[in-house]
Amino acid sequence: MTNSEVLVQQLIIGLSNGMIIALIALGYTMVYGIVELINFSHGDLFMLGTFLALTVVGALGLGEPLDGQVITWGVIPLLIIVPVFCAAVNWTADRLAYRPLRNAPRLAPLVSAIGVSFVYMNIGLFWGGLPMEVFNMGTAPAAPKDFTALVSYDNLLGDSNITLTAKEVLVFAVTTPLLMALTVMVKYTRLGRAMRAVAQEPTAARLVGIHVDSVIGVAFILGGALAGFASVIYALYNNTIYFQMGFRVGMDAFTAAVLGGIGSLPGAVLGGILIGVIRAFSDQYIATEWTNVVVFAVLILALFFRPSGLLGSTAAEKV
Amino acid sequence: MAGALLEVDTIVAGYGPVDAVRGLSLTVNEGEVVTLIGANGAGKTSTVNAISGVLRLRSGAIRFAGERIDTLQAHAIVERGVAQVPEGRRIFPRLSVLENLQLGAYLRKDREIQKDLDWIMELFPILRERRPQLGGTLSGGEQQMLAIGRALMCRPKLLLMDEPSMGIAPLLAAKIYESIRQLSERGLTVLLIEQNAHLALRLANRGYVVETGSVVLEGPAATLLGDPRVRKAYLGED
Ligand SMILES: Nc1ncnc2c1ncn2[C@@H]1O[C@H](COP(=O)(O)OP(=O)(O)OP(=O)(O)O)[C@@H](O)[C@H]1O
Ligand SMILES: [Mg+2]
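These protein sequence lines map, in sequence, to chains G and X. Residue numbers for the first sequence follow my numbering, so the first one is 1 and each next one is one higher. Residue numbers for the second sequence follow my numbering, so the first one is 320 and each next one is one higher.
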């Protein structure tokens with residue numbers, strides 16, 4: 001492989017992982033934007049989504065694509081069931097754990113979110129120990145699980161040195177329309193306008209007749225659904241899941257949200273893509289064991305020059 | 320009382336252990352402009368927030384058009400036709416002027432929203448000029464007009480205005496008061512909170528003077544304007 005081929009290859013990998021990180025980062029940033037809560041359980045919600053995805057794969061008996069096909073079309077139900085599940089769980093967590101603390105000091109819901117994170121992780125641990133064939137029955141509940149290869153590894157570019165598989169295509173085919181739909185929703189619909197109003201000035205939002213709790217609920221539903229989509233495509237792309245993965249992936253996504261400017265939707269996408277690409281380049285050109293250091297060094301450096309993130313609102317607003 | 324649109328009946332409300340409103344009662348009849356005047360911390364904002372359902376009552380009752388509204392949530396109160404121009408304006412800072420106005424009509428489903436937008440931009444031509452500009456970048460006076468416009472966009476039967484002249488140059492305050500007079504002539508009922516008693520009492524039909532959470536004086540605006548206690552405490556005369 002030539003140097004430029006290596007670069008392109010890492011860019012493909014980085015962008016693919018970055019798009020997945022972006023979906024999760026959006027969940028952090030939307031909830032933060034609207035209730036100023038760092039939802040620490042969000043990464044673990046994503047993990048639960050991957051466990052449900054694998055369970056559904058087992059239940060439907062899905063396997064590798066048939067000869068001549070690049071994908072097992074059974075992934076389509078996954079892309080419906082898992083987002084719905086994650087949306088429902090996220091909404092329920094808000095209803096039960098965060099909403100009662102809406103007027104409490106900031107620290108209280110934050111601690112709840114950390115608690116919810118542990119609950120999810122233990123559900124994941126329990127889930128991984130269920131006697132199901134897809135969970136490699138017989139191995140430890142905590143052991144990483146192989147996620148069935150529902151998408152082919154074949155190189156779509158033939159015998160080129162650069163590999164582009166249907167997996168990468170799937171990542172972009174799922175994430176791009178989601179990002180566009182979310183943008184249109186937030187920018188141009190009545191509900192999107194209400195979400196921005198609640199985020200910016202909740203008292204005034206109530207005074208124009210917005211049911212603030214419902215709108216906050218919608219933010220949790222949307223964030224949860226995006227995490228659910230991320231669960232499915234992450235599992236299809238990386239083919240391994242384990243009950244603690246929510247911490248690592250969640251950390252990347254949270255970092256992405258902060259890097260882009262927490263509260264900013266385009267910021268979360270930009271941050272996610274940057275983190276994905278930086279990780280890939282660091283893995284390739286520095287060393288994998290340094291990658292976490294590199295990511296955080298970039299974050300610190302960026303925040304040094306732009307304290308509210310790359311696309312965060314900077315100027316103090318007139319009240 | 321016949322014709323009473325809003326009845327606030329010995330309400331008590333507050334924050335933590337403190338009661339900010341202590342047995343306050345007032346009535347606003349249909350078509351009236353009623354003003355509530357009082358010093359800083361008297362409980363005026365707390366009273367309008369209680370009417371809007373943003374601050375919960377500890378006791379007492381609030382009726383709007385005969386119906387108890389103190390048990391309703393804020394959005395349900397807006398739905399019944401009570402809008403508020405809040406203290407400090409509370410414009411949505413990163414929404415455009417147009418979006419701010421559209422949000423005022425959040426609960427409306429009728430087809431006359433555009434017509435009302437046009438009418439408000441006639442009332443405050445500066446808002447038409449500033450349509451695409453972000454709310455947070457307007458000047459204080461422009462934000463006040465936007466806050467009034469936003470509240471009008473829900474087609475209220477009763478408009479609660481909390482110190483619309485606060486922090487605004489006298490000339491612009493006079494202009495805003497002129498627009499309140501026009502709105503009143505169109506039949507809008509207004510409860511106007513003010514510290515500037517002079518401005519408020521010259522516009523209003525009736526007034527209430529609030530001290531430490533309850534009404535200490537009430538009457539026709541002209542009578543209050545002539546009352547020595549009002550002149551001394553709120554008009555800065557000896
Ligand atoms: N959010 C709050 N938390 C605690 N106390 C409050 C809060 N808001 C108001 N108060 C207190 O309630 C009392 C009444 O306040 P309120 O804002 O209703 O007065 P006001 O008449 O509107 O005064 P101003 O003319 O300065 O706006 C004050 O003593 C104030 O300190
Ligand atoms: Mg006040």
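We put the CB at the ideal spot given by N, CA and C, even for glycine. It should be emphasised that the depicted structure is a prediction, and the values quoted were computed from it without experimental measurement.
Asked                                                                                                                      : Found
Sequence-ordered residues whose beta carbon comes within less than 7 Å of a heavy atom of ligand 2                         : X:Lys363, X:Thr364, X:Glu406, X:Asp481, X:Glu482, X:Ile512
In chain order, each beta strand (DSSP E) run of at least 3 residues that lies wholly inside the region 462-522 of chain X : 477-481, 508-513
Beta carbon proximity, Tyr425 of chain X to chain G, threshold 7 Å                                                         : yes
Contact between the region 217-236 of chain G and the region 49-62 of chain G (3+ Cβ pairs under 8 Å)                      : yes
Cα-Cα separation, Lys318 of chain G to Val82 of chain G                                                                    : Below a pLDDT of 50, predicted positions are generally treated as unreliable, and Lys318 of chain G, at 29, falls in that range; the measurement from the model is reported next regardless. Those two C-alpha atoms are separated by around 42 Å.
Residue-level contact to chain G via CB, Val367 of chain X, 7 Å cutoff                                                     : no
Start-end ranges of the alpha helix (DSSP H) lying completely within the region 97-160 of chain G, minimum 4 residues      : 107-128
Pairwise C-alpha distance: Glu482 of chain X and Arg408 of chain X                                                         : 9 Å
Exposed unless 16 or more other CB atoms sit within 10 angstroms - verdict on Asn17 of chain G                             : buried
Beta-carbon proximity of Ala351 of chain G to Phe220 of chain G, cut-off 7 Å                                               : Here chain G comprises residues numbered 1 to 319, so residue 351 of chain G is not present and cannot be evaluated.
heavy atom of ligand 1 below 6 Å from Asn359 of chain X C-beta                                                             : yes
Spatial distance of Asn524 of chain X from Leu543 of chain X (CA atoms)                                                    : 10 Å
Contacts of Pro209 of chain G in chain X (Cβ-Cβ under 7 Å)                                                                 : The sequence shown places Gly at residue 209 of chain G, rather than the Pro named in the question. Under the 7 Å cutoff, chain X gives His394, Val397, Glu398, Tyr425, Leu426, Cys473.
Alpha helix (DSSP H) runs contained entirely in the region 197-263 of chain G, provided each spans 4 or more residues      : 202-207, 212-238, 245-260
The region 16-36 of chain G touching the region 258-276 of chain G, judged by at least three CB pairs closer than 8 Å      : yes
Collapsed DSSP secondary structure at Gln403 of chain X in the structure displayed                                         : strand
Closer than 9 Å at the beta carbon, the chain G residues around Gly386 of chain X                                          : For the record, residue 386 of chain X in the displayed sequence is Glu; it is not Gly. By Cβ distance, chain G contributes nothing, its closest Cβ being about 17 Å from Glu386 of chain X, past 9 Å.
Rounded straight-line distance, which links the Cα of Leu554 of chain X to that of Pro547 of chain X                       : 10 Å
Three-pair Cβ contact test at 8 Å for the region 356-375 of chain X versus the region 428-444 of chain X                   : no
Neighbour flag for Ala97 of chain G against chain X, beta carbons, 7 Å                                                     : no
Outcome for Ile13 of chain G when other beta-carbon atoms lying within 10 angstroms are tallied against a minimum of 16    : buried
Between the CA atoms of Val31 of chain G and Ala199 of chain G - distance to the nearest angstrom                          : 9 Å
Residues that Glu418 of chain X contacts on chain G, provided the C-beta gap is smaller than 9 Å                           : Arg193, Arg196, Ala197
Cβ-Cβ distance between Gly250 of chain G and Gly260 of chain G below 7 Å                                                   : no
CB contact below 7 Å: Gln200 of chain G versus chain X                                                                     : yes
Chain G within 7 Å of Gln463 of chain X, Cβ atoms only                                                                     : no
Which of helix, strand or coil DSSP assigns to Phe40 of chain G                                                            : coil
Beta carbon proximity, Leu442 of chain X to chain G, threshold 7 Å                                                         : no
Check: Tyr188 of chain G C-beta below 6 Å from any heavy atom of ligand 1                                                  : no
Local Cβ density within 10 Å of Thr288 of chain G, reported as buried at 16 or more and exposed below that                 : exposed
Beta bridge counterpart(s) of Arg382 of chain X as assigned by DSSP                                                        : X:Glu326, X:Arg387
7 Å Cβ shell around Ala315 of chain G - same chain, five flanking residues per side excluded                               : Low confidence applies to Ala315 of chain G: its pLDDT is 42, below 50, so where it sits in the model is not reliable, and the reading given next is rough at best. Nothing listed; no residue qualifies.
Proximity winner among G:Leu125, G:Ile123, G:Val294, G:Ala104, relative to Leu336 of chain G (alpha-carbon distances)      : For residue 336 of chain G there is no data in the structure shown, the boundaries of chain G being 1 and 319.
Environment of Gly532 of chain X [buried if 16+ CB atoms lie within 10 Å]                                                  : buried
Stretch pair the region 495-512 of chain X + the region 337-355 of chain X: three plus CB contacts closer than 8 Å         : yes
Nearest-angstrom beta carbon gap, Gly342 of chain X and Val331 of chain X [assumed within contact, 8 Å]                    : 6 Å
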